[in-house]
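Asks: What follows is a structure written as structure tokens; I'll ask about it next.
There are 2 protein chains.
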Amino acid sequence: MAYRETEKMRNRKAQARQHILDCAYRCVIEGGFRSAQITHVAKAAEVATGTIYRHFESKEELFAEIFRTATQREVNKVAEALATVDSAVIRLEAALRQFAERALRGPTMAWSLIAEPVDPRVEAERLLYRKAYAEHFEQAIRDGIEEGSIPPQNARQSSTCLVGAIAESLVGPLSPTQADGEREPDPDQQSELVESIVCFCIQGLTGIRR
Amino acid sequence: MAYRETEKMRNRKAQARQHILDCAYRCVIEGGFRSAQITHVAKAAEVATGTIYRHFESKEELFAEIFRTATQREVNKVAEALATVDSAVIRLEAALRQFAERALRGPTMAWSLIAEPVDPRVEAERLLYRKAYAEHFEQAIRDGIEEGSIPPQNARQSSTCLVGAIAESLVGPLSPTQADGEREPDPDQQSELVESIVCFCIQGLTGIRR
DNA sequence: ACAACAAATGAATAATGATTCACTTATTTT
DNA sequence: AAAATAAGTGAATCATTATTCATTTGTTGT
């Protein structure tokens, strides 16, 4: 025998894999999943199309992984905002803000994660992550009910409503048909948007007018 | 010259067109837009594939029309519920109920209209109709603000939140991955679902606990 | 240097489905 | 009945992309 898999090679392989992921990620940032074809990704990563299949089972697998990574980052941010020592209502408010503001700051990716039509395999990830968001919210709502700052209610259902309300509110502003070429920030309008969403949601939870 | 288009032929043509629409509609009811390929539709309508292109510009055009018709029906139902003489809050509540209950009664079509991944041309219709729902809600919210039953707020934004909250709440229960084979009604669970949605939404609007 | 194996390549292939078009059939008018 | 025109047909074509695989290039141990 002559060739034995070595540490150096294992590293190099992992690095190549990561490089492909990074480039594919950049493709999605630039034009959504739609425009991120294997050929593009291969070109961006400066490898042959076949190489991608050495590292990933299929296109869907590759993009599912990207979706997972990107959304996990967002879920973590929301979880972070919910992890302070404040009252549940304050924490939920912060989390909703975080969600909306981050989306508006990275609109293409946010749109891809929230609303872009994607392959079934990737859509499955999306459903999973919507559930993940909802679960974080749900826990906070339960906390609020326990501490008395939120009236008793179906926490599961309410959390789903939160996710829906915020996502729907963002679809318009993020949609590429809406403001494709130049997605100007217009900070005033954006912060009013965020305020209205938060206001509706907190009121929906607590019944307390602000 | 010899052939002149006649009333009889115009009727027959319109009828053929409608027949194709009906059959395509039935295909969508049965398996969503995904499984409604031109070949299937042609087979269902007992015409050749080419015939379909005599009546419709393209596949997307055909399905956009179906989407439009189906959603318009739903929008009308919501509009109807909003058109009574009751107070705005009562009317909004009835409309939300109507929306949710109808969706749960026709789950495949509802899922196709609300959440199924579709072609861009059809997706455009979806966005349009989401806006249509929101506009009806918006008007009712304005009425409520005027009559004093709903506190002042950004009616446009709140209406979007309503649409998002209700749609998201239904995606899970309607999703074919969730309960594909047999979508049992389980009326108890469904009515609890509807109650929670309505409760959250009305509270989000009014700030009044129920 | 060479044997043994792994990784990379990218043109060729495959798969999917919408769309076309040369041809057949039906309808109307003279 | 025959000319003129429209509607219908469906096998063949086209377009788009993901995926494969025979071949080349790179790495390791003796």
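Just so you know, the protein sequences line up as chains R and Y, in that order.
Take the first sequence: its position 6, counted from the start at 1, is 811 in this note's numbering, and no numbers get skipped.
Take the second sequence: its position 203, counted from the start at 1, is 1008 in this note's numbering, and no numbers get skipped.
We put the CB at the ideal spot given by N, CA and C, even for glycine.
What residue range does the alpha helix (DSSP H) around Tyr858 (chain Y) cover?
Replies: 854-860
Asks: How would you list, in chain order, the residues of chain Y whose beta-carbon sits under 9 Å from the beta-carbon of Thr913 (chain R)?
Replies: In chain order: nothing, as chain Y lies at least about 16 Å away.
Asks: Measuring alpha carbon to alpha carbon, tell me which residue in R:Arg809, R:Leu909, R:Tyr808, R:Leu967 is nearest Pro992 (chain R).
Replies: R:Leu909
Asks: So the alpha helix (DSSP H) Val1003 (chain R) belongs to, where does it begin and stop?
Replies: 992-1011
Asks: Can you pull the chain R residues whose beta carbon is under 7 Å from the beta carbon of Ala970 (chain Y), in chain order?
Replies: Cys966, Gly969, Ala970
Asks: Under 8 Å, CB to CB, which of the residues in the stretch 950-964 of chain R have a partner in chain Y?
Replies: Pro956, Gln958, Asn959, Gln962, Ser963
Asks: Please return the same chain residues whose Cβ sits closer than 6 Å to the Cβ of Gln820 (chain R), not counting the five positions on each side in sequence.
Replies: A distance below 6 Å between beta-carbons, with the five flanking residues on each side excluded, links Gln820 (chain R) to no residue of its chain.
Asks: Does Gln995 (chain Y) have its Cβ less than 8 Å from a Cβ in chain R?
Replies: no
Asks: Are the CB atoms of Ile857 (chain R) and Ala847 (chain R) within a distance shorter than 8 Å?
Replies: yes
Asks: Where does Leu979 (chain Y) sit, in a helix, a strand or coil, going by DSSP?
Replies: helix
Asks: Using a Cβ cut-off of 8 Å (strictly closer), state whether Leu998 (chain R) contacts chain Y.
Replies: yes
Asks: For Val999 (chain R), does the count of other Cβ atoms within 10 angstroms reach 16, so buried, or fall short, so exposed?
Replies: buried
Asks: Quick one, which residues of the stretch 923-951 of chain R are near chain Y if we go by CB-CB under 9 Å, in chain order?
Replies: Val923, Asp924, Pro925, Glu928, Ala929, Leu932, Arg935, Lys936, Ala939
Asks: Over what stretch of residues does the alpha helix (DSSP H) that includes Thr889 (chain Y) continue unbroken?
Replies: Counting along the chain, Thr889 (chain Y) falls outside any alpha helix (DSSP H), and DSSP gives it neither H nor E.
Asks: Of the choices R:Thr854, R:Thr811, R:Gly836, R:Thr965, whose alpha-carbon is the least far from that of Tyr934 (chain R)?
Replies: With distances taken between Cα atoms, Tyr934 (chain R) lies closest to R:Thr965.
Asks: Pick helix, strand or coil for Ala807 (chain Y), following the three-state DSSP scheme.
Replies: coil
Asks: Is Phe904 (chain R) closer than 8 Å to Ile825 (chain R) when the C-beta atoms are compared?
Replies: no
Asks: Output the boundary residues of the alpha helix (DSSP H) element that contains Pro925 (chain Y).
Replies: 925-952
Asks: When you compare only the Cα positions, how much space is there between Ala939 (chain R) and Leu932 (chain R)?
Replies: Those two C-alpha atoms are separated by around 11 Å.
Asks: Verify whether the separation of the beta carbon atoms of Val880 (chain R) and Ala937 (chain R) is less than 8 Å.
Replies: yes
Asks: Determine, using beta carbons only, whether His824 (chain Y) comes closer than 8 Å to chain R.
Replies: no
Asks: So, with DSSP's three-state summary, where would you put Arg815 (chain R)?
Replies: helix
Asks: Are the C-beta atoms of Ala984 (chain R) and some chain Y residue less than 8 Å apart?
Replies: With a pLDDT of 45 at Ala984 (chain R), under the threshold of 50, the modelled position of that residue is not reliable, and no figure is offered here.
Asks: At the level of alpha carbons, what is the spacing between Pro956 (chain R) and Ile946 (chain R)?
Replies: Rounded to the nearest angstrom, the gap between the Cα atoms of Pro956 (chain R) and Ile946 (chain R) is 9 Å.
Asks: If you check the beta carbons only, do Leu1010 (chain Y) and Ser963 (chain Y) fall under 8 Å apart?
Replies: Taking C-beta atoms as the reference points, Leu1010 (chain Y) and Ser963 (chain Y) count as a pair closer than 8 Å.
Asks: What number of angstroms, rounded off, separates the C-alpha of Cys828 (chain R) from the C-alpha of Thr889 (chain R)?
Replies: 35 Å
Asks: Using a threshold of 8 Å, state whether the C-beta atoms of Gly837 (chain R) and Glu921 (chain R) are closer than that.
Replies: yes
Asks: Do you know whose CA, among R:Gly1012, R:Ala807, R:Gln823, R:Ala869, lies nearest Ser954 (chain R)'s CA?
Replies: Among R:Gly1012, R:Ala807, R:Gln823, R:Ala869, the Cα nearest to that of Ser954 (chain R) is on R:Gly1012.
Asks: Count the other CB atoms within 10 Å of the CB of Lys813 (chain R); is the residue buried (16 or more) or exposed (fewer)?
Replies: exposed
Asks: Helix, strand or coil for Gln958 (chain R), going by three-state DSSP, please let me know.
Replies: Secondary structure at Gln958 (chain R): coil, using DSSP grouped into helix, strand and coil.
Asks: Can you name, in chain order, every residue of its own chain whose Cβ lies under 8 Å from the Cβ of Gln983 (chain R), other than the five neighbours on each side?
Replies: No answer about Gln983 (chain R) holds up, because its pLDDT of 47 lies below 50 and its placement is not dependable.
Asks: How about Phe868 (chain R) and Leu918 (chain R): are their beta carbons less than 8 Å apart?
Replies: Not a contact, by the Cβ cut-off of 8 Å.
Asks: Name the chain R residues whose beta carbon is nearer than 8 Å to that of Phe1005 (chain Y)?
Replies: The CB of Phe1005 (chain Y) comes closer than 8 Å to the CB of Gln958, Gln962, Ser963, Cys966, Gly1009, Leu1010 in chain R, given here in chain order.
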